[in-house]
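>
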Ligand code: FES
Ligand SMILES: [Fe+2]
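Encoded structure:
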């Protein structure tokens, strides 16, 4: 099978080492459709939610995987389930709310009734009325449940996949990413809030941006301007298949006299309320942890601003981002307030994320067929581990995974 473009060509790749990207992959509607089948419904795992999203039996939360509406549901038996939000009868959306509690959802169209595992429990007028009509005698409700997804969890984090051939979740993510999720989730999580945002770019531009360590100091001058750029002692990059884990640590308190640990690197501007640059150490010296899970999930801790983000493609040129902000369950009011305040680093009006959204829209708008994108910062390799941020290896790793799943031959 070969990926076809909208003008009936086979997609060809301009370089063998993923240093050149053909820009039609960001704009072509036919390629967008094939990504849904080959990647989003393929043998990959999607970070779909947190146990804290659905703490009680009957709790559900609605999301998307690719363009497919999906519900995460804690059923009446306390099991964690994921199913496609499409009635097995004629395809109406069964759950219409973003979040809520409903142990036995009923489709609004003809009132088929399910449980939180996706099992069909009841069919209106199954035997017709007055011995007329209804379903045939061999109709079995067991054959008409909602389409379910495979679900696995690591600590409080829920992952789902459409594909039974997907490897076990821990194998898929690799030990470094699994270890980091376990470290961050060492205590039960608590939801701080939710946000949603539409960015005017292809979903892959957003993925690249979040694993691109090159642009930070250049684009986000705010960060250094107001003292959010920490004196970093060490950084690391871990790549496992097409996933990336970015980390940075502060010098340990014993290495400094404490006073210079958070120097305000102020420029000519000042914040009226500088408290957004304050905070507390929840993970020891670890100050930045960005896990970019192929294809479209992010698990991000920037200082006290912790979120998982689901990257949801809606068209070749638009992408929705769903944010779940979280902290620990037993934090103080001060710590909870710090998290709420620092959530505004990202999000629709986030100090950092606004700049990303703007520059990504500018990039999307400038793309024409025939363009290529150039990704050779740090060479052409994909080093599995490194101790610096001066490379686009994480972006090349994404494209290597993309070409493999899309079955695009490289020259
Ligand atoms: S479409 Fe859901 S009951 Fe008919
Ligand atoms: Fe950025």
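Numbering (our numbering), first residue to last: 33 to 443. Cβ atoms here follow ideal geometry from the backbone N, Cα and C, with glycine treated the same way.
1) Can you tell me the Cα-Cα spacing of residue 72 and residue 144, whole angstroms?
2) Just the Cα atoms here: how many angstroms apart are residue 416 and residue 353?
3) Let's see if you can read the secondary structure: which residues bound the beta strand (DSSP E) around residue 257?
4) At a cut-off of 7 Å, would you count residue 388 as near ligand 2, judging by its Cβ distance to the nearest heavy atom?
5) Please determine, among 170, 382, 147, 138, the residue with the shortest C-alpha to C-alpha distance to residue 156.
6) From 334, 384, 348, 357, pick the residue whose C-alpha is nearest to that of residue 341; which is it?
7) If you check the beta carbons only, do residue 46 and residue 404 fall under 8 Å apart?
8) Consider the C-beta atom of residue 241 and the heavy atoms of ligand 2; say whether any pair is separated by less than 7 Å.
9) What runs of the alpha helix (DSSP H), each 4 residues or longer, lie entirely inside the region 333-398?
10) Specify, as a first and last residue, the run of the beta strand (DSSP E) that residue 92 falls within.
11) Hey, is the region 329-347 in contact with the region 78-96, meaning 3+ C-beta pairs nearer than 8 Å?
12) Go through the region 157-188 residue by residue and report every complete run of the alpha helix (DSSP H) that reaches 4 residues or more, in order.
13) Verify the contact flag: residue 248, CB atom, against every heavy atom of ligand 2, threshold strictly below 7 Å.
14) So the candidates are 363, 230, 248, 150; which of them puts its Cα closest to the Cα of residue 379?
15) Who pairs with residue 229 in a beta bridge, going by DSSP?
16) Of the choices 427, 258, 179, 37, whose alpha-carbon is the least far from that of residue 383?
17) Determine the closest residue to residue 224 out of 124, 310, 364, 76, with distance taken between C-alpha atoms.
18) Any chance you could list the residues with Cβ under 5 Å from a heavy atom of ligand 1, keeping chain order?
19) Taking the straight line between their C-alpha atoms, what separation do you get for residue 284 and residue 316?
20) Give the single residue among 361, 336, 275, 250 whose Cα lies nearest to the Cα of residue 388.
21) For the alpha helix (DSSP H) containing residue 431, name the first residue and the last one.
22) With distance defined between alpha-carbon atoms, name the residue in 204, 218, 279 nearest to residue 245.
Reading from the atomic positions:
1) 28 Å
2) Approximately 28 Å, taken between the alpha carbons.
3) Not the beta strand (DSSP E): residue 257 falls in the alpha helix (DSSP H), residues 253-257.
4) It does: the Cβ of residue 388 is within 7 Å (strictly closer) of some heavy atom of ligand 2.
5) 138
6) Comparing Cα positions, the closest option is 357.
7) For residue 46 and residue 404, yes; Cβs fall inside 8 Å.
8) yes
9) Taking 4 residues as the minimum length, the alpha helix (DSSP H) runs contained wholly in the region 333-398 are 365-374, 385-398, in order along the chain.
10) In this chain, the beta strand (DSSP E) harbouring residue 92 covers 91-97.
11) yes
12) none
13) yes
14) 230
15) 353
16) 258
17) For residue 224, the nearest C-alpha among the options comes from 364.
18) Here the residues close to ligand 1, judged by CB distance below 5 Å to any of its heavy atoms, are 119, 121, 122, 124, 139, 141, 142, 144 in chain order.
19) 8 Å
20) 250
21) Boundaries of the alpha helix (DSSP H) harbouring residue 431: 425-437, taken from the DSSP string.
22) 279
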